[in-house]
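Reading through the structure tokens given below for one structure.
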Ligand SMILES: [Zn+2]
Ligand SMILES: [Zn+2]
């Protein structure tokens, strides 16, 4: 029988918006991560391309592609799919679509500004939720605490993700994932579905600050801009 092991996985690593993503495999080692969900905003094909490249140069980690979708209600992460997910549908319809494609859906940063699903999350049948998000961490962790208080008992697998748009910020929040045997994308996503996950957060550092500045001040062509002051 194979032994159960815990992998350190960052489910929310961006490779879009001018991210110096070639340096991610090197940072994965520095941050002691075992795997990463590689995402873009609304462009699954690109994340898939980057994952192929990473897998070629670094066979020691599990890289798996995903997408952060702009739904009509706010951001939603999808993994384990094999096609683009349309934007601007309701979060509920998007979760259903991901499920029908055999994918895994995760609600990121539920309480960050207007690009988040907020209280709508209570009615979503998503597989997981970020109780620790690297961007939300900057606000004295308050949006993360609020997510946990509000949705602790809604059946979402608890996750952590850095939301890194800066390669040095990867792993600032991450998830311990329990699997048996050889690590793979399928096993990691199956663990999310069955709730074998434990969110983790590292103390705030200068990389979190740079990441915050990058997210807020990177122009987003055709996308809603993060107006963080809306939150207060
Ligand atoms: Zn987001
Ligand atoms: Zn993100």
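In my numbering, the protein residues as written are 174 to 405. All C-beta atoms in this analysis are idealised placements derived from N, C-alpha and C, irrespective of residue type, glycine included. Note that the structure is predicted; figures quoted are calculated from it, not measured.
For residue 334, the pairing in a beta bridge is given by DSSP as 306.
At least one heavy atom of ligand 2 falls within 7 Å of the beta-carbon of residue 241. Here residue 385 has 308 and 311 as same chain residues with Cβ atoms under 8 Å from its own Cβ, once five neighbours each way along the sequence are excluded. Residue 341 counts as buried, since no fewer than 16 other beta carbons sit within 10 angstroms of its beta carbon.
Set against 7 Å, the gap from the CB of residue 281 to the closest heavy atom of ligand 2 is smaller. Put simply, the backbone Cα of residue 281 is about 6 Å away from that of residue 302. Just measuring C-alpha positions, the residue of 391, 250 and 175 sitting nearest residue 332 is 250. In this structure, DSSP gives residue 359 a helical state, which the three-state scheme calls helix.
The shortest CA-to-CA distance from residue 335 to any of 271, 197, 177 and 300 is the one to 197. From the listed residues 211, 201, 227 and 177, the smallest Cα separation to residue 186 is found for 211. Under the 10 Å beta carbon count, residue 175 is surrounded by fewer than 16 other beta carbons and is classified as exposed. DSSP places residue 227 in the uninterrupted alpha helix (DSSP H) bounded by 217-230. Minimum Cα-Cα distance from residue 257 among the listed residues 277, 215, 380 and 237 corresponds to 215. DSSP, read as helix, strand or coil, puts residue 371 in strand. Between residue 351 and residue 229, the C-beta gap is not smaller than 8 Å, which leaves the two residues out of contact.
Comparing alpha carbon positions, the residue from 343, 276 and 286 closest to residue 217 is 276. Residue nearest to residue 206 within the set 184, 188, 193 and 195 is 184 (criterion: CA-CA distance).
DSSP places residue 382 in the uninterrupted alpha helix (DSSP H) bounded by 379-390. Per DSSP, residue 321 is one residue of the alpha helix (DSSP H) stretching across 315-324. With contacts defined by Cβ atoms closer than 8 Å, residue 290 and residue 246 form a contacting pair.
By the beta-carbon neighbour count (other beta carbons within 10 angstroms, threshold 16), residue 362 is buried.
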